[in-house]
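Chains as they are written, first to last, in this note's numbering: chain Z, 959 to 1144; chain F, -3 to 196; chain B, 33 to 192; chain X, 188 to 533.
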Amino acid sequence: MTIGWILLSLMIALCALGVVLARSPISSAISLLIGFVGVAILYLALKAEFVAAVQILVYAGGILVLYLFGIMLTDNEALRLTRQTHLQAWPVFVLILVLFLAVGHKLYHSDYTPQQPARLLMLTDQSQVQALQNRLAQEAGAAQHATNPQRVARVLYGDYLYPFEAASVLLLVAVLGAVFLAKKDV
Amino acid sequence: MTDSYPSWVGFTKLDWALDYCRRNSLWPMTFGLACCAIEMIATSASRYDISRFGSEVFRPSPRQSDVMIIAGTVTEKMAPLVRRLYDQMPDPKWVIGMGVCTVAGGPFDTYAVLQGVTGLLPVDVFVPGCPPRPEALLYALLKLQDKIHRPEVARQRNFHGPLTDRPTKGWMKKGEEIPEVVAAYESKGHTVQSGQLVKG
Amino acid sequence: MPGALNRLVRMVTFPELASGLAVTFKWFRKPKVTEFYPDARPVLPYRTKGRLHVEIETCISCRMCEKACPEDCIKVYPPPKEVFKTDKRPAQFYISLEHCIHCGMCVDPCPTGSIHHSMEFELATYNKDELLFNKETLPYDLAIKHFRQGLLENVEQKSP
Amino acid sequence: MDWNSPFMLTVGLPLLKIVILLGVVAFCVAYTVWLERRLLGFFQSRVGPNRVGPAGLIQPIADGLKLILKEDIIPTNARPFLFRIAPIFAVVPAFAGFAIVAFAPPAGPRASFLISDANIGILYLLAITSLGVFGIVLGGWASGSKYPLFGSLRSASQMLSYEVPLTFSVLSVILMAGSFRLDDIIQAQGKLPFLVPLILAFGVYVISAVAETNRAPFDLPEAESELVGGFHTEYSGMRFAFYFLAEYANVVLVCCVATSLFLGGYKIPFLPYETLLAAHPWTVSLIGLAVFAVKAVAFLYFYIWIRATFPRYRYDQLLKIGWKVLLPISLLNLLLVAGIKLAMLR
């Protein structure tokens, strides 16, 4: 399993590199597709089937096709004739490396365990923490028999209802803005 | 060797089977140049129904077609395009020249019309007629199928003989009397003997 | 209000699409119109203009057909003069199906009715040369001629 | 051979099932082509292919072998690598979708007629079929020619547009059944197929499924009169056969899914399958398979009937139907179903 995980992570990392470094935009899109599929397999290995399916459905089947649209409708010859450099990639690479090391260091030295929801970390009162932990344990017991989508739904529409709704309002605003911008005469 | 097997075991060659597939799946190109195209369309329509031979899949793209039916007059201006479409077809490919225009220019003896497409393309089967009947095109298709399956038939000269490996039942043979005609003659007191009318 | 209701019902039930489907289904159930050509002989009209048949025995080498032909696909070679006095049959007779457009213009001027259309349409060849017929290779069928003559008799009998 | 060994249970048996299913599906797809050609012939008052073998039954084999034997052309302007792999992108999702279709009730603990009893079955199906668009888009782009490019662009936008109402109509089924598993959905239709309560969703599903599989009257991507052959104009021989296979595999998949979601799958209403299954497992399973096949073929017949009847839509009409008619209808239907479900819970 570990070897499989390492191979998969390597594949995803290579695909991510391919997205950034590939000269042809279509190669970028293809490696992005393979990366998405790899991430979906990773989710499957973590028993998060719902997220895996949504990952493929939304990112690979929807958004990436729109990217391909954009690529195909651009003037490919002109793009090929333009001299391209990857000089910008180096400072970005250094920045990402620093960020990665910082987050890794912080994670390595913290007592954060992924089982706890983020809300648990924000609480300071020990009794509150205990109560919440009890409730979570109960819910986990109940969720043991629930299917994966049900568990996702419970988290999404229970613990994180307000952020979820806020995000949808934000998206709606973005959609309206896009329509407004794209319309020639309002 | 064949004696040691039961009689229902058939022996064949792989080539035979592959040629059988090829000849029964001749997809023509959607490609008409003049009035013969109308007859070609009629051939694919309900009454003559070219689909019975597996050839109704008229492909719009030369890449997927097997047989090009040059249906009509090939003008000098169109000739390079016809050749180009032929070149774009993948092997193995065949050509049926339909109508007298493709044989020798037909009625158009002018500077603008190619006097026969033999110099342009290798034509497998010629169908004379102006335009030929849909059945004539079907006959040409059958002849082409014969040629694919038994290439040796194309080398021998046969003057409109019957198809070599297909029984043509109910066909009129040379010198054979048509029953209705004979009946009509006999009602008038005449007789017909070996194709000759004998007045009674 | 009933109009609006009607419109709503039409919007939901798509009667146009249903009637279209009904039409195709009607044809699905009907007997088919296809002729099974190689297995069954097609019923051709009486005046089908098939391949030209020439009865060399009755031809008098008058070259009327040659002159009438708009495509110059007929070539008649009359016999030498001495022979012609007694035997008027052509020395050679060419019909080129490479050019023949089956117009029938050669049939009408023929004084002896030696040249006429047949019902033959199976003319496809592998070789272009086979479309040129001469006196020896020109097959013809008297039965067809008689059939056509019988037809003409019938027509004459019908029209007073 | 030890059928109870863990290796057989986890690897051997599923692999065997996959091989059998692939064979069966490929066979079904080939004869779907034959059925379509025969039925189209009947609809057009002719007979269709009937001379190659008895009733033309060898026709699909002849076509397939011929296509495999044809020359494989890669145009000069094409991107060779993408051009080669694009048909695979089209075929794999079409066949992978069959993994979760429950064809018949299980005859035993290890004799089920489906490969994966995943609890996200329908979501997996939607995800996998949404990948099919890549084969079309990449194939059209890699051909290096304008008609395939236009065909693939049309196809992609059409498939993206119709995926939304399709998903919404499927969601209402999921809401009714309360599960993503196809088997649960079929079990929920024991008394009444979802066709009756969800007639609106069924209509939306049929229309968007026809559009998703790029079939007439929504066969815009390969509109011969405008674009030569759509995205597969430049493809010949075996690669074209792959596209052909993918298209018809998608058709068969849509028929199977419609049977499972709306027509009650292998169930006959009011027939107590469970008690019968305990008594005669194999008989009931095979009867269930036959019922499924009959329903799927009936849906396929309807599919071909539609193709034989309606003319092709114009492109703007197509998108208008997708976004302005089907999407509101399917949303409304979803809200209705959710409301009824909520009222029933109370």
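For every residue, glycine included, the Cβ atom is placed at its ideal position computed from N, Cα and C.
Min CB distance residue i to chain B below 8 Å
i	result
F:Tyr16	no
X:Arg233	yes
F:Thr164	Interpretation of F:Thr164 is limited by its pLDDT of 35, a score under 50 that renders its predicted location unreliable; the figure taken from the coordinates is listed afterwards. Yes, because at least one Cβ of chain B sits closer than 8 Å to the Cβ of F:Thr164.
F:Leu134	yes
X:Thr496	yes
F:Arg43	yes
F:Cys31	no
Three-state secondary structure (DSSP) of residue i
i	result
Z:Gln1046	coil
B:Lys201	With chain B covering only 33 through 192, there is no way to say anything about residue 201 of chain B.
F:Ile92	strand
X:Thr462	helix
X:Ile248	helix
X:Thr197	helix
X:Leu325	helix
B:Pro34	helix
B:Leu84	strand
B:Val41	helix
B:Tyr15	Here chain B comprises residues numbered 33 to 192, so residue 15 of chain B is not present and cannot be evaluated.
X:Phe300	coil
F:Pro24	strand
X:Phe381	coil
X:Leu505	helix
B:His134	coil
Z:Thr960	helix
B:Leu164	strand
X:His467	coil
F:Phe122	strand
Distance CB(residue i)-CB(residue j) smaller than 8 Å
i	j	result
B:Cys132	F:Pro76	no
X:Thr400	X:Val438	yes
B:Ser128	B:His85	no
X:Gly416	F:Gln60	yes
X:Phe486	X:Leu440	no
X:Gly452	X:Tyr349	no
X:Leu414	X:Phe337	yes
B:Arg73	B:Leu155	no
Z:Ile1014	X:Ser317	yes
X:Gly322	X:Ala273	yes
X:Phe418	X:Ser344	no
X:Lys378	X:Phe457	yes
is_contact[residue i, chain X] using C-beta, thresh 8 Å
i	result
F:Asn20	yes
B:Thr45	no
B:Leu164	no
B:Asn41	With the sequence shown as reference, residue 41 of chain B is identified as Val, and Asn is not the correct amino acid for it. Not an interface residue.
Z:Leu1119	no
Z:Gly1020	yes
F:Trp167	A caution first: F:Trp167 carries a pLDDT of 37, below 50, which makes its placement in the model too unreliable to give a value.
F:Ser183	no
F:Pro158	A caution first: F:Pro158 carries a pLDDT of 42, below 50, which makes its placement in the model too unreliable to give a value.
Beta carbon proximity, residue i to chain F, threshold 8 Å
i	result
B:Pro77	no
B:Pro34	no
X:Ile260	yes
X:Gln246	yes
B:Cys157	According to the sequence displayed, residue 157 of chain B carries Thr and not Cys. So yes, B:Thr157 belongs to the interface.
B:Ile89	In the sequence as displayed, the identity of residue 89 of chain B is Glu instead of Ile. B:Glu89 does not count as touching chain F.
B:His148	no
B:Thr144	no
X:Arg402	no
Expected contact under 8 Å - CB spacing of residue i and residue j to nearest Å
i	j	result
Z:Pro1121	Z:Phe1008	About 18 Å; that fails the 8 Å criterion.
X:Ala289	X:Ile373	6 Å
X:Arg225	X:Pro236	7 Å
Below-8 Å beta-carbon distance, residue i vs any chain Z residue
i	result
X:Phe321	yes
X:Asn264	no
Near the ligand GTP: residue i beta-carbon under 7 Å from a heavy atom
i	result
Z:Val1061	For the structure depicted, the ligand GTP is absent and the ligand set is empty, with no information on it obtainable.
**Report entry** beta strand (DSSP E) runs wholly inside the region 28 to 82 of chain F, at least 3 long, in chain order
**Finding:** With a minimum length of 3 residues, the unbroken runs of beta strand (DSSP E) contained wholly in the region 28 to 82 of chain F fall at 63 to 67.
Requested in this report: Counting only runs of 4+ residues fully inside the region 213 to 287 of chain X, write out the alpha helix (DSSP H) ranges in chain order.
Outcome: If we require 4 residues or more, the alpha helix (DSSP H) runs fully inside the region 213 to 287 of chain X come out as 246 to 256, 267 to 283.
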